[in-house]
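Undergrad:
Numbering (the UniProt record's numbering), first residue to last: 1 to 246.
Encoded structure:
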């Protein structure tokens, strides 16, 4: 009888897997998540099942704008997804704002990669607002998104309030000296961020000096990338715990 029950469970979980993967392939994300949740309730589920339910890689045009409504609905309702990679999907302002709204409501996601999506300043502000409300996200990649001055300053303000983010990538975003100063001010107040990538912006000497001053007060940051920022001096920080890439 026990062997018979195990056999039924095995058949059942295989059926659930097929349904989950088929819906995922068709970009029916909400339905896929429902099946993944059922799989994880089954005692026969494997580590691979856990990974499939929690980590989604939709980078390089695997999630078109027309699929986004399905994905944001899934993010608002899901209980299993913790890591989402949407790198290089051309989401633009419309897609970015929809995702920012979903991040406000989501309580499971810990890692979000939105690199190279042409998001722009308005999405930068929307994501900053999301960071003030979200309490689970620990890693956010916003590299190559042309966030500009307004987006950069909004995110700096959010860092003053957010207490969960550990890693933030703002490289290649056309951030200037004022944004460098705003981020420096945020580093004086933030006590959770350990990694900040500001590579390939235009912070200049003023932004560099502000960051150097901030690092004398910040005790949590361990990695700072300021390569290719027109900062023509070394940041001499007397802190062996922090690695500066310049």
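Beta carbons are placed, not taken as given, at the ideal position from N, Cα and C, and that holds for glycine.
Indicate the three-state DSSP secondary structure (helix, strand or coil) for residue 225 in the structure shown.
TA: strand
Undergrad: Three or more C-beta pairs under 8 Å: does that hold for the stretch 207-221 against the stretch 175-184?
TA: At 8 Å Cβ cutoff, the stretches touch.
Undergrad: Closest to residue 238 by C-alpha separation, out of 216, 48 and 200, would be which residue?
TA: Distance check between residue 238 and each of 216, 48 and 200 places 216 closest, using alpha-carbon atoms only.
Undergrad: Go through its chain and collect everything with a Cβ distance to residue 40's Cβ below 8 Å, but skip five positions before and after it.
TA: 49, 50, 53 and 80
Undergrad: For the pair the stretch 13-24 and the stretch 60-77, tell me if three or more CB-CB distances fall below 8 Å.
TA: The stretch 13-24, when compared against the stretch 60-77, does not touch it at the 8 Å Cβ threshold.
Undergrad: Using 8 Å as the threshold, is the C-beta distance between residue 169 and residue 129 below it?
TA: Going by C-beta atoms, residue 169 is not nearer than 8 Å to residue 129.
Undergrad: Less than 8 Å between the beta carbons of residue 134 and residue 90, yes or no?
TA: no
Undergrad: Taking Cβ to Cβ, would you say residue 109 is nearer than 8 Å to residue 84?
TA: Yes, the Cβ-Cβ distance between residue 109 and residue 84 is below 8 Å.
Undergrad: Could you check if residue 11 is buried or exposed, using at least 16 other CB atoms within 10 Å of its CB as the buried criterion?
TA: exposed
Undergrad: Please name the residue in 127, 36, 38 and 32 whose C-alpha comes closest to that of residue 159.
TA: 127
Undergrad: Which word fits residue 233, buried or exposed, when buried means at least 16 other C-beta atoms lie within 10 angstroms of its C-beta?
TA: With fewer than 16 Cβ atoms within 10 Å of its Cβ, residue 233 is classed as exposed.
Undergrad: Using three-state DSSP, classify residue 243 as helix, strand or coil.
TA: Looking at residue 243 - three-state DSSP - the assignment turns out to be strand.
Undergrad: What do you reckon, are the CB atoms on residue 247 and residue 242 nearer than 8 Å?
TA: In the structure as shown, the chain starts at 1 and stops at 246, and residue 247 therefore has no counterpart that could be examined.
Undergrad: Could you tell me if residue 72 is buried or exposed, where buried requires 16 or more neighbouring beta carbons within 10 angstroms of its beta carbon?
TA: Flag for residue 72 reads buried.
Undergrad: With burial defined as no fewer than 16 other Cβ atoms inside 10 Å of the residue's Cβ, what is the status of residue 115: buried or exposed?
TA: Per the 10 Å Cβ criterion, buried.
Undergrad: Within a Cβ cutoff of 7 Å, which residues of the same chain sit near residue 6, ignoring the five residues on either side of it in sequence?
TA: Confidence is the limiting factor: at residue 6 the pLDDT is only 40, short of 50, which leaves the residue's position unreliable and the question unanswerable from this model.
Undergrad: Relative to the C-alpha of residue 153, which residue among 137, 176 and 162 is closest?
TA: It is 176.
Undergrad: Assign residue 55 to one of three DSSP states: helix, strand, or coil.
TA: strand
Undergrad: What are the boundary residues of the beta strand (DSSP E) that includes residue 205?
TA: That residue, residue 205, is in no beta strand (DSSP E); its alpha helix (DSSP H) goes 204-215.
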